[in-house]
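For the record, in the sequence shown the residue sitting at position 206 is 197 according to the numbering used here, with numbers rising by one throughout.
For glycine and all other residues, C-beta sits at the position ideal for the given N, C-alpha and C.
Presented below is the structure to which this report refers.
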Amino acid sequence: MTGAGLPEDLCAVVLAAGEGTRLRPLTERVPKALCPVGNVPLLDRALARLTGLGLAGPGRVAVNACYLADQVVAHVGDRAHLSVEPGEPLGTAGGVANLLDWIDGRAVLVGNADAYLADPAAPPGPDVAALVDGWDGRTVRLLGQPAADPTAPGTFDGHCFTGFSLLPWRLVRDLPVVFSDLVRALWRPAEAAGELEVVPYPGTFFDTGTPADYLAANLHAAEGGVLVDPSATVTGRCVESVVGAGARVDGDVCRTVVWPGAVVRAGERLHDVIRFGDRRTVPAARD
């Protein structure tokens, strides 16, 4: 272990290959990993969290891409090693398996690019440090939060998964490069063998996979107020909203995300929605 509590032989993989079908039409032209939350692309939030943990650069961090991969590749640049999956995405386990030559014997911290995490008590990076602190190098660890129903399907030791897992090389090395997910390939078998631990995350988590959760994450990032990019123009009324770069708001918005370059015209009143483009709107209120 390093002085910061990190295993010396640890790398990280950010999963950014998915399309985000539940966020359509937002993801028709932008991959989910590049959707902005609080005017910061989700992928940048994940990379910043890893940097805060002490993991950065193409030798320690990899990003996979598939859907609209050219956008992800251009956005990441030389900040991380890139793994472009041909054809359809390989899934969470297949995506890791496709990086076995790069992982090369190391333990791997796997994070979902679409996971929004925020802890008022710790900045990004230190907020997830408990996941690696004191790790024995053999168990599977998941970051989680207590589930409303501890017995519900999809829970682990009464917890919901919150976007990051820690995997030993001894389990990763045998993953096949086929479509597969980490739940069935590694997590459930480790759980059955008594080799899975859940580390509680004390902050706020949204998976941003639905318009409602995506809006909630943005409003959380705005801290209950209005977050406006300096290059945006706002002449209308803004309440509890996020306005992106180059956007223009001449109408009224409340609990709304206005994407970069989007327009809200005078006389329009938007509430609990996401506006992108000129007049395209995605409702985001919870049922």
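Contact between Gly227 and Ala109 is absent: CB atoms are separated by about 28 Å, not below the 8 Å threshold.
In chain order, Asp220, Ser222, Ala223, Pro251 and Gly252 place their CB closer than 8 Å to the CB of Gly237, counting only its own chain and leaving out the 5 sequence neighbours on each side. Shown here for Arg13: same chain residues with a beta carbon closer than 6 Å to its own, the five before and five after excluded, namely Gly200 and Thr201 in chain order. In the structure shown, Leu157 adopts extended strand secondary structure according to DSSP, grouped into three states.
Exposure of Gly96 is indicated by the presence of fewer than 16 other C-beta atoms within 10 angstroms of its C-beta. Between Arg51 and Leu261, the alpha-carbon positions lie close to 43 Å from each other.
The residue among Tyr192, Gly68, Ser232 and Pro191 with its C-alpha nearest the C-alpha of His211 is Ser232. Excluding residues up to 5 positions away in sequence, Ala24, Leu25, Cys26 and His66 lie with their Cβ nearer than 8 Å to the Cβ of Pro32 in the same chain.
For Asp92, the enclosing alpha helix (DSSP H) starts and ends at Leu91 to Ile94.
Secondary structure at Tyr107: strand, using DSSP grouped into helix, strand and coil. Judged by DSSP in its simplified three-state form, Asn30 adopts coil rather than helix or strand. In its chain, beyond the 5 residues on either side, Leu134, Gly135, Gln136, Tyr192 and Phe196 have a beta carbon closer than 6 Å to the beta carbon of Thr153. Val21 carries a coil assignment under DSSP once its states are collapsed to helix, strand and coil. The residues Thr224 and Val254, in chain order, have a CB closer than 6 Å to that of Arg239 in the same chain once the five nearest residues on each side in sequence are set aside. Within the stretch 223 to 254, the complete beta strand (DSSP E) segments at least 3 residues long are 228 to 230 and 243 to 249, listed from N- to C-terminus.
Residue burial annotation: Glu76 is buried, with at least 16 other C-beta atoms found within 10 angstroms of its C-beta.
By the neighbour-count definition (other C-beta atoms within 10 Å, threshold 16), Ala183 is an exposed residue. Bridge partners of Pro191 according to DSSP: Gly135.
By the C-beta density criterion, Ala143 is exposed, having fewer than 16 other C-beta atoms within 10 angstroms.
When DSSP states are grouped into helix, strand and coil, Pro274 belongs to the strand group. Ranked by how close their Cα comes to the Cα of Ala176, the residues Ala113, Val131 and Asp148 have Val131 in first place. Judged by DSSP in its simplified three-state form, Ala3 adopts strand.
The beta carbon of Asp148 sits closer than 6 Å to those of Val189, all from its chain and outside the five residues before and after it, given in chain order. Excluding the 5 residues flanking it on each side, Gly128 has same chain C-beta neighbours closer than 7 Å at Pro(-2), Ala98 and Pro159, in chain order. For Arg260, the enclosing beta strand (DSSP E) starts and ends at Arg260 to Phe267.
One thing to note: Gly116 has its Cβ within 8 Å of the Cβ of Gly43.
In this structure, the beta-carbon distance from Val168 to Leu34 does not fall below 8 Å.
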